[in-house]
Structure formats: C-alpha cells, structure tokens
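Numbering (full-length UniProt numbering), first residue to last: 1 to 181.
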C-alpha cells in the first residue's frame, strides 16, 4: 500500500467514524466517550508501537500533539452542548463547523502525503529538512496519528468536563426547585 493510500485510508476512516458517531444532535453518554477514544487508540497502537523514539522524533511528535490540540479545541468549540431539561440527558450538536474542522485536518494530512509523493520539489524540501533534523520517514505516520489521537481525545476530555458541569447545574437547579416548593 502506498503512503498516500495509507494516509487516505487512516484519515478517511477516522473522519468517517467521527461523522457517523458525532455529527448531528446526539445524546452524550459513555458510548460517545468510549467509541472515538477506543477507535483512535486502536489506530494509535498499530502505528505507534514501532515508532522511532529518538529525541528529534519525540520533538516532531510533540509538534503533532500541539497541532492536534489546536484542532481538538476547534472541534470542541464547534460542538454545542446542553442539558435536556425534560430528560436530564446531556445532548450535543455538531454541524457544518464541526465537519469543516475535520475536513481541514484530513485535507492537511492527505495533502502533505500527496505533495511528498507527487511533487518532486516539495519532496526534496521535506527530505532536506528531515535530514537536517535527523528524522527518518518512519516518524511521519506516528506524527499524523498523534495529531489525530490528541485531536479526538482532547475534544472528548473537554466535552466530558463540560458535561460534568452541566450535570451539576441540572442537579442544583432541580434541588433549588424542590426546596422552593
């Protein structure tokens, strides 16, 4: 499988999973926390178990984590969340802004791999920089996997924290209502 095919498969798979499980209005419960985290963890295990761990590769992975954190925050802010007062359930709504964040992230990953594969001057530029930083091509896939992993996990952690605050508000308001009676 070519690097481009692999990038499309991984990025497209994560994108499809996120759209299938998060897009639209949904109940935010344990399944919405576990499913994306477990799926990305599976990708993570497969692609990170043999990742280079030299100093420069670790620095590259930290850059990937930083990019993932930015995209994760964008995806978090593109997700509306509220407590349904009639059922007490925490709900989320992901719309085109959420899809856009994921499309940009996916296009950036696939675009990079395409450019390295099919654009000789870009490939040369990347190769020169990788050599000057003492990086091997084995560090590229883990970079992108860490980016996706941090993006998904960061958003889930932030939504889980917001969900806990909403649940506390619902409990407090129902207690206040009961005390007022």
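All residues carry an ideal CB built from backbone N, CA and C; glycine is no exception.
As the structure is a prediction and not an experimental result, all values here were calculated from the model.
Under 8 Å between C-beta atoms of residue i and residue j
i, j, result
"residue 155", "residue 75", "yes"
"residue 78", "residue 97", "yes"
Through-space distance from residue j to residue i, alpha-carbon basis
i, j, result
"residue 26", "residue 90", "9 Å"
"residue 177", "residue 171", "Per-residue confidence for residue 177 stands at a pLDDT of 49, beneath the threshold of 50, marking its modelled position as unreliable; no derived number is given."
"residue 81", "residue 163", "8 Å"
"residue 15", "residue 135", "28 Å"
"residue 133", "residue 63", "14 Å"
"residue 61", "residue 165", "32 Å"
"residue 179", "residue 94", "Note that residue 179 scores a pLDDT of 49, beneath 50, so its modelled location is shaky and nothing firm can be said."
"residue 12", "residue 173", "42 Å"
"residue 54", "residue 125", "22 Å"
"residue 24", "residue 131", "44 Å"
"residue 159", "residue 10", "24 Å"
"residue 152", "residue 139", "20 Å"
"residue 123", "residue 45", "28 Å"
"residue 35", "residue 109", "22 Å"
"residue 161", "residue 43", "25 Å"
"residue 59", "residue 143", "10 Å"
"residue 30", "residue 49", "27 Å"
"residue 169", "residue 85", "11 Å"
Supposed close pair residue i, residue j - CB separation, criterion 8 Å
i, j, result
"residue 51", "residue 57", "7 Å"
"residue 141", "residue 47", "5 Å"
"residue 28", "residue 87", "The pair is not a contact, with the Cβ atoms about 12 Å apart (cut-off 8 Å)."
Residues that DSSP places opposite residue i in a beta bridge
i, result
"residue 129", "Note: residue 129 sits in no beta bridge, so no partner."
"residue 82", "91"
"residue 24", "94"
Heavy atom of the ligand NAD within 7 Å of residue i beta-carbon
i, result
"residue 172", "For the ligand NAD, the structure offers nothing, since it holds no ligand at all."
Evaluate contact between the stretch 142-152 and the stretch 65-76, counting only Cβ atoms and requiring at least three cross-stretch pairs below 8 Å.
Short answer: they touch.
May I ask you to verify whether the stretch 11-31 touches the stretch 96-106, counting CB pairs closer than 8 Å and requiring at least 3?
Judged by Cβ distances under 8 Å, the stretch 11-31 makes contact with the stretch 96-106, as three or more pairs qualify.
Would you say the stretch 23-40 touches the stretch 117-127, given that touching needs at least three Cβ pairs under 8 Å?
In short, these stretches do not touch, since the Cβ pair count stays below three.
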